[in-house]
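Numbering (the numbering used here), first residue to last: 256 to 464.
Even glycine gets a Cβ: it sits at the ideal position worked out from N, Cα and C.
Read through the structure below, which is laid out as structure tokens, and then see the notes.
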Amino acid sequence: MHDEPGTNAAAEPVRRDFLTLLTVATAAVGACAFAWPFIDSLDGTGSGDAADAVVDIDLTHLAPGQQVETVWRGHPVFVVHRTQDALQALQTSELQRRLRDPVSAEHQQPDYAVNWHRSIVPEYGVMVGVCTHLGCIPRFRPTVDLAAPGGYACPCHGSRFDLAGRVFAGAPAPYNLPVPPHTLVTPTHLRIGVNPDGDHFDFDTIKQI
256 MHDEPGTNAA
266 AEPVRRDFLT
276 LLTVATAAVG
286 ACAFAWPFID
296 SLDGTGSGDA
306 ADAVVDIDLT
316 HLAPGQQVET
326 VWRGHPVFVV
336 HRTQDALQAL
346 QTSELQRRLR
356 DPVSAEHQQP
366 DYAVNWHRSI
376 VPEYGVMVGV
386 CTHLGCIPRF
396 RPTVDLAAPG
406 GYACPCHGSR
416 FDLAGRVFAG
426 APAPYNLPVP
436 PHTLVTPTHL
446 RIGVNPDGDH
456 FDFDTIKQI
């Protein structure tokens with residue numbers, strides 16, 4: 256028995272629509288499966304069990320005026336060995352008048368870093384290298400003189416920070432660079448992600464990153 260004339264013609268559009276939907280759905284599932292690990296890798300929050308939850312830095316070969324960069328919880332972190340000239344510049348009243356939050360009143364650092372150098376010891380600065388405006392990575396500008404006290408310059412919208420990560424007044428960035436939990440295990444062994452004994456600081460409580 257033969258099909259009625261036109262039956263196959265009527266079914267063909269339905270079959271084509273079904274195959275098209277099946278192809279699109281398969282491609283979408285594949286794209287999501289491919290994209291998810293990448294998207295998940297961008298999420299630096301809640302990664303306490305990640306491999307970079309604690310990062311150790313050997314300071315032995317970090318000379319004054321130099322900086323090393325690492326990654327902690329998915330964030331770039333700057334570790335800078337500040338020179339004596341830089342330390343003196345950070346304490347001048349002239350510089351502090353130019354800063355938005357010179358005394359670290361905003362909660363962008365642990366209590367043990369609420370000081371003029373915003374770190375455990377003055378010589379070593381430890382900052383998350385993410386501009387608090389729109390998340391660009393500031394560039395290291397180590398030169399220290401009266402006209403340019405050294406620090407960091409955001410290449411995206413011009414925000415500037417000193418060598419303690421304090422933002423200059425008038426910049427788009429509203430807050431100082433965040434300071435992560437850190438401690439000195441020895442004078443030349445820095446550990447990022449761990450607070451000093453007796454101190455507690457939850458990085459997720461900061462104002463902004």
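Beta-carbon contacts of residue i that lie in its chain and below 7 Å, excluding the five residues immediately before and after
i: Ile461; result: His362, Gln363 and Pro433
i: Leu345; result: Trp371, His372, Asp417, Leu418 and Ala419
Option nearest residue i by Cα separation, candidates the options
i: Gln321; options: Gly329, Arg337, Val449 and Cys411; result: Arg337
i: Gln339; options: Thr443, Pro397 and Asp457; result: Pro397
i: Val309; options: Thr315, Trp327 and Ala419; result: Trp327
i: Pro377; options: Thr441, Ile464, Ala341 and Ala426; result: Ala341
i: Ala360; options: Pro429, Val335 and Gly329; result: Pro429
i: Thr387; options: Ser374, Ala408 and Pro451; result: Ala408
i: Asp356; options: Asp366, Tyr379, Gln343 and Arg421; result: Arg421
Contacts around residue i, its chain only, beta-carbon distance under 8 Å, and the 5 residues preceding and following it disregarded
i: Ala280; result: Note that Ala280 scores a pLDDT of 43, beneath 50, so its modelled location is shaky; the value from the coordinates is reported in the next line. Around Ala280: no qualifying Cβ.
i: Val449; result: Val309, Pro436, His437 and Thr438
CB of residue i within 9 Å of CB of residue j, strictly
i: Thr443; j: Asp313; result: yes
i: Gly413; j: Pro427; result: yes
i: Pro319; j: Thr325; result: no
i: Val381; j: Ile464; result: no
Buried or exposed (CB count within 10 angstroms, at least 16 for buried), residue i
i: Ile447; result: buried
i: Asp417; result: buried
i: Ala424; result: exposed
i: His455; result: exposed
i: Gly372; result: Going by the sequence as given, residue 372 is His instead of Gly. The residue in question, His372, is buried, as its Cβ has 16 or more Cβ neighbours within 10 Å.
i: Arg352; result: exposed
i: Arg415; result: buried
Beta-carbon proximity list for residue i, same chain, < 6 Å, skipping 5 on both sides
i: Ala222; result: The structure shown does not extend to residue 222, since the chain is modelled only from 256 through 464, so no value can be given for it.
Please list the segments of the alpha helix (DSSP H) lying wholly inside the region 349 to 415, counting only runs of 4 or more residues, in order along the chain. none
Taking only runs that begin and end inside the region 315 to 340, name each unbroken alpha helix (DSSP H) of 4 or more residues, in chain order. none
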